[in-house]
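Note that the numbering used here gives residue 86 to position 83 of the sequence shown, counting from 1, and the numbers run on in steps of one.
Glycine is no exception: its CB is placed at the ideal position from the N, C-alpha and C atoms.
In what follows, a single structure is set out as structure tokens and then discussed.
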Amino acid sequence: MDINEAVAAGTARARAHDAGELLTLQLAAWVREGREARRIDIPPLLEELSDVAAQLADPALTIWVYRDSTARMIATVRTSLLSPTTAFLGRLGVVPDRSGEGIGGAMLRLAESRVPAAVTRMELITGVRSVSNHRFYQNRGYQFIPLVRPDDGQPVVRLAKELNRQ
Ligand SMILES: CC(C)(COP(=O)(O)OP(=O)(O)OC[C@H]1O[C@@H](n2cnc3c(N)ncnc32)[C@H](O)[C@@H]1OP(=O)(O)O)[C@@H](O)C(=O)NCCC(=O)NCCS
């Protein structure tokens with residue numbers, strides 16, 4: 004089984020009881036972006052358990068979590084609809100000790116493949132200083148596009164990709 008198959012087989016919609024593990028995964032994964040951006044006050048590092056629980060209860064968010072064969076939560080990603088044809092992708096994160104194994108790329112592909120059939124475009128934002136994220140997404144078909152809203156003190160860049168859906 005290759006990494007894409009393993010991730011597809013082990014990924015399911017997150018549920019209310021996943022909140023604690025999801026918060027732990029988020030805090031562990033985003034320290035890397037925080038270091039790169041040289042700031043700790045980024046939303047994934049500021050949220051509390053109640054925030055994650057509220058997100059899990061939000062019907063507008065589709066939150067995926069990947070668990071390995073031991074049931075450990077390894078990765079997450081989420082999507083929501085900006086319009087019937089454009090999905091927003093966020094919070095793609097992998098536990099630090101499993102980075103570089105292709106799991107992030109597989110989660111990205113999985114999220115793109117599981118958006119509603121009418122979706123033909125993905126958009127995301129990431130930190131302006133997170134250059135390894137820029138490279139990661141550019142290597143997977145995403146291109147910089149203009150920001151549509153002023154940042155709220157967290158300088159970000161926006162990327163998009165047209166999906167080639169069969
Ligand atoms: C971005 C992230 C999801 C990638 O996950 P991953 O499982 O390591 O990704 P893959 O193994 O599929 O690909 C590795 C890529 O990450 C890059 N990378 C950056 N730092 C890395 C590290 N310490 N170890 C391994 N890969 C790293 C590699 O250059 C590679 O990119 P490339 O294939 O385009 O050259 C993960 O690093 C992460 O959770 N980062 C923190 C959270 C975050 O910033 N998420 C994105 C914002 S929405």
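Counting the other Cβ atoms within 10 Å of the Cβ of Leu92 gives 16 or more, which makes it buried. At least 8 angstroms separates the beta-carbon of Thr82 from that of Ala74. Rounded to whole angstroms, the separation of the alpha carbons of Val68 and Ala17 is 6 angstroms. In the same chain as Gly108, and ignoring 5 residues on each side of it, the C-beta atoms closer than 7 angstroms to its own belong to Arg143, in chain order. Assigned with DSSP and collapsed to three states, Thr82 falls in strand. For Met110, no beta strand (DSSP E) segment is defined; the enclosing uninterrupted segment is the alpha helix (DSSP H) at Ile106 to Ser116. CA-to-CA, the gap between Glu115 and Met125 works out to about 7 angstroms. Distances from the CA of Ile6 to each of Thr88, Ile77 and Arg41 were compared; the closest alpha carbon is that of Ile77. Sequence-distant partners of Ala11 (beyond 5 residues in either direction) whose C-beta falls short of 8 angstroms from its own C-beta, in its chain, are Ala109 and Leu113. Pairwise C-beta distances place the region 17 to 26 in contact with the region 42 to 56, as three or more of them are shorter than 8 angstroms.
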